Structures are given as structure tokens and as C-alpha cells.
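Enquirer:
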Amino acid sequence: MKMHCRKAKKNISLALDQRLGPAVREKLQAHLRSCPSCQNWNQRQLWLHEQIQAQEMIQPSPGFFTAIQNKIDQSAARPQLFFFHPAAFRPLLLRAAMLLVLIFSALLGFFLSGILDAPAANTDAAVFSRTMNLDAFADLPADSFGAAYDRLLQGKLQ
Amino acid sequence: METEASDLKLLALTATGDQAAFAQLVRRHQSRVLNLAYRFSRDRQDAEELAQEIFFKVWRHARTFKGQSAFSTWLYRLAVNTCLNHRQRRKTRPDPMPLTGDLAAATAQAPDELEAAERGIQLQNALASLPARQEMALILASFEGKSYEEIAAVMEVSIPAVESLLFRARQSLAAVLRPWNKKSEG
Numbered sequence: 001m002k003m004h005c006r007k008a009k010k011n012i013s014l015a016l017d018q019r020l021g022p023a024v025r026e027k028l029q030a031h032l033r034s035c036p037s038c039q040n041w042n043q044r045q046l047w048l049h050e051q052i053q054a055q056e057m058i059q060p061s062p063g064f065f066t067a068i069q070n071k072i073d074q075s076a077a078r079p080q081l082f083f084f085h086p087a088a089f090r091p092l093l094l095r096a097a098m099l100l101v102l103i104f105s106a107l108l109g110f111f112l113s114g115i116l117d118a119p120a121a122n123t124d125a126a127v128f129s130r131t132m133n134l135d136a137f138a139d140l141p142a143d144s145f146g147a148a149y150d151r152l153l154q155g156k157l158q
Numbered sequence: 001m002e003t004e005a006s007d008l009k010l011l012a013l014t015a016t017g018d019q020a021a022f023a024q025l026v027r028r029h030q031s032r033v034l035n036l037a038y039r040f041s042r043d044r045q046d047a048e049e050l051a052q053e054i055f056f057k058v059w060r061h062a063r064t065f066k067g068q069s070a071f072s073t074w075l076y077r078l079a080v081n082t083c084l085n086h087r088q089r090r091k092t093r094p095d096p097m098p099l100t101g102d103l104a105a106a107t108a109q110a111p112d113e114l115e116a117a118e119r120g121i122q123l124q125n126a127l128a129s130l131p132a133r134q135e136m137a138l139i140l141a142s143f144e145g146k147s148y149e150e151i152a153a154v155m156e157v158s159i160p161a162v163e164s165l166l167f168r169a170r171q172s173l174a175a176v177l178r179p180w181n182k183k184s185e186g
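Residue numbers (the working numbering), protein chains in the order written: chain A, 1 to 158; chain B, 1 to 186.
1) List the residues of chain A whose Cβ lies closer than 9 Å to the Cβ of Trp59(B), in chain order.
2) For Lys9(B), name the three-state secondary structure that DSSP assigns.
3) Report yes or no: is there a C-beta of chain A within less than 8 Å of the C-beta of Asn35(B)?
4) Is the CB of Gln39(A) under 8 Å away from at least one CB in chain B?
5) Is Ser31(B) close to chain A? Criterion is C-beta to C-beta, closer than 8 Å.
6) Step through the CB atoms of chain A and report whether any lies within less than 8 Å of the CB of Phe55(B).
7) On the criterion of 16 or more Cβ atoms from any shown chain inside 10 Å, does Ile139(B) qualify as buried, or is it exposed?
8) Does any residue of chain B have a CB that is nearer than 8 Å to the CB of His4(A)?
9) Scan the region 3 to 29 of chain B for residues whose Cβ lies nearer than 9 Å to a Cβ of chain A and list them as they occur along the chain.
10) Can you tell me whether DSSP reads Gly146(A) as helix, strand or coil?
11) Can you tell me whether Cys35(A) is helix, strand or coil according to DSSP?
12) Indicate the three-state DSSP secondary structure (helix, strand or coil) for Val26(B) in the structure shown.
13) Which chain A residues are close to Ser129(B), counting only those with a beta carbon under 9 Å from its beta carbon?
14) Using a Cβ distance threshold of 8 Å, determine whether the region 47 to 60 of chain B contacts the region 140 to 159 of chain B, with at least three qualifying pairs required.
15) Would you call Met98(A) buried or exposed, if buried means 16 or more other Cβ atoms sit within 10 Å of its Cβ?
16) Nearest CA to the CA of Leu36(B): which residue from Pro60(A), Ser37(A) and Ala148(A)?
17) What residues from chain B crowd round Lys7(A), counting only those whose CB sits closer than 7 Å?
18) Counting C-beta neighbours from all protein chains within 10 Å, is the total for Phe104(A) 16 or more, i.e. buried, or is it exposed?
19) The alpha helix (DSSP H) spanning Arg187(B) covers which residue range?
20) Count the other C-beta atoms from every protein chain shown that fall within 10 angstroms of the C-beta of His29(B), then say buried if there are 16 or more, exposed otherwise.
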């Protein structure tokens with residue numbers, strides 16, 4: 001199968017890093033023989049590869065290690081905010097945070113349940129009772145009209 | 001293998017605060033780390049500061065090395081991340097190498113040498129135009145001679161990602177240098 005130019009360019013990149021197997025390499029070479037554009041691209045890549053490899057090497061300056069030493073000394077002289085190494089302190093912080101969340105959730109739960117159990121001072125029945133002053137019938141004899149009326153109203157309210 | 005074993009020994013001693021062991025570790029690896037930083041920053045002073053920062057991190061984090069990778073992989077990972085973070089913080093393109101300075105020094109040079117110097121400067125400018133991760137992958141592959149597996153371990157990416165980074169970097173460079181290449185091929 002013929003190699004397309006985009007595939008050929010990818011293979012040229014792999015070939016520069018010795019990543020091509022012999023079979024693919026042969027196909028690439030066959031493509032390069034017949035494709036001037038890819039030949040050109042190959043030449044450019046070879047040149048770039050050589051230029052990058054040929055760049056000058058530099059040596060560390062005489063004070064190189066002394067500068068590192070100074071950084072270490074400055075770091076040691078800085079006041080420590082934590083008694084523990086910060087990396088070791090993180091798990092403790094995490095556990096403390098989880099505990100706080102747990103305590104807060106428990107307190108919130110107790111608070112909310114306290115509100116729900118409170119007498120429903122603002123329910124419709126309580127408001128109607130206060131408005132109509134139905135407690136006024138509380139002392140009436142059991143068989144009086146007022147007591148019957150009171151029972152009727154209470155029954156509707158329940 | 002022997003070097004790796006002795007690097008691990010030196011690192012273990014460094015973790016206990018042994019400055020002599022740390023100094024030996026620095027001497028062994030300072031050239032590689034410095035030149036990696038130099039390839040990436042293209043500035044000698046920046047490279048020295050970066051390399052010093054990298055070794056300072058080696059001192060500080062020697063205790064955290066768990067031996068899950070080779071020491072050289074760990075060191076290169078530290079170096080690559082420091083360089084990439086430095087570029088991220090700066091968020092400016094490095095200044096291209098001064099063209100006039102080099103040309104002025106080369107007035108007595110033959111035309112071929114002058115052209116070569118100009119090509120070198122254009123290459124530096126082209127490398128500077130690459131995204132940081134593509135440039136780093138290219139430096140590790142072409143200059144450091146690292147395998148794709150090593151680059152993947154150092155940059156903490158997959159091997160196909162390394163292939164893609166390198167291909168895109170080379171594609172971009174070829175496009176940027178095309179006008180020069182067309183001229184020289186005449």
C-alpha cells in the first residue's frame with residue numbers, strides 16, 4: 001500500500017528518533033524516492049536535528065554550588081510556621097476538617113429537630129382558636145349548646 | 001547500573017542532611033541539568049538560576065523520593081517541571097538572540113560562515129516560538145538523546161503523546177524556516 005505524504009512526514013519524525021521498524025523504513029524510502037516535497041521536508045528535518053544536537057555546551061560558573069548552598073542556608077534560617085513538615089501536616093489538617101464537618105452536621109441536626117418538635121404556634125388551628133376564643137366554652141356543661149358547638153368546631157379543626 | 005546505585009546512595013545521604021553527599025550529587029549532574037535549562041531558556045543567567053533552583057529542590061525533596069523510578073528520571077522530571085513553571089510564570093517569549101551583535105562580530109567571516117551564523121539565530125528564534133511542552137520534548141529527544149519511554153516518564157505523558165509533541169514541533173519548525181530553506185536550496 002502506498003504511503004501518503006502526511007503519514008510519510010510522521011514516519012520521518014519517528015525515523016529521526018530511531019523508532020521505525022525495517023518494513024516501514026523501506027516503505028518510507030520508497031515514498032521519498034518518488035516525492036520531492038517529502039524529500040525536501042526530510043532534508044529540513046535532518047538539518048534541524050543536526051543543528052539542535054550541535055549547539056554549544058556550557059559549564060557551571062565557579063560560584064554555582066555556593067549559590068545553591070546559600071539558598072539552602074536561607075531556607076533553613078526562615079522561621080517555621082508549623083512544628084511539623086508541611087507535607088506531613090496535611091493529613092492531620094484533613095482529619096481535623098472532617099471532624100469539624102461531622103460535629104457541625106450533628107449540631108445542625110439537633111437544632112433543626114428542636115425546631116420541628118416545637119408547638120405549632122402558628123398553625124391554622126391555633127390561630128383560629130385564639131381568634132374565636134373557643135376556650136371561652138371550656139367551662140360549659142357537657143350537654144349544653146355551647147359545649148356541642150365547641151365540640152363541633154374542634155372536630156372540624158382536627 | 002553502578003552509577004544509579006551510587007546516585008541512590010548519595011540521595012539517601014542527602015535526605016539525612018549530608019552536605020558532602022549532596023555536593024557530590026550536584027557535581028555529577030550539574031552539567032546535564034544546566035545545559036537542559038540553557039537549551040530551554042537560551043539565556044546563561046536564567047539557566048544558572050534554574051539549575052540552582054532545581055538542585056535546591058533536590059535537597060528539599062530528597063526525603064520524598066520513593067525509588068519508584070530511576071534517580072535520573074526523577075531528577076529530569078524535577079528539572080523539566082521547574083523549567084516549564086518558570087516559562088509559565090514569565091509568560092513572555094524569550095528575547096531572540098541579537099542579530100546585529102553576531103553579524104557585527106562576523107564581518108571578517110566568509111559568506112558561508114555568515115549565513116551559518118544567521119541560520120543559527122533563526123533556528124533559536126524558531127525554537128523560541130514553539131509551545132513550551134513541544135520545545136521541551138524536542139530538547140529531550142534531539143539534544144539529550146532520550147528515548148520516547150524516557151521522555152514519557154519525565155514529562156508524565158503517554159508515548160503517543162510524545163510522538164505527537166515531537167511531530168508537531170518539527171512541523172512548526174519546518175514551516176517557520178521554510179523561507180530560509182527555499183532561499184538556500186535556490
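Glycine included, every Cβ here is placed at the ideal spot set by N, Cα and C. Quick caveat: nothing in here was measured; it's all calculated off a predicted structure.
Expert: Quick answer:
1) Ile68, Lys71, Ile72 and Ser75
2) helix
3) At a cut-off of 8 Å between beta-carbon atoms, Asn35(B) makes contact with chain A.
4) no
5) yes
6) yes
7) buried
8) no
9) Gln19, Phe22, Ala23, Val26 and Arg27
10) helix
11) In this structure, DSSP gives Cys35(A) a state outside helix and strand, which the three-state scheme calls coil.
12) Reduced to three states, the DSSP call for Val26(B) is helix.
13) Those within 9 Å of Ser129(B) in chain A number zero; the least Cβ separation is about 13 Å.
14) no
15) exposed
16) Pro60(A)
17) Those do not exist, as Lys7(A) stays about 11 Å from chain B at its closest Cβ, beyond 7 Å.
18) exposed
19) There is no way to answer for residue 187(B), as the model of chain B reaches only from 1 to 186.
20) buried
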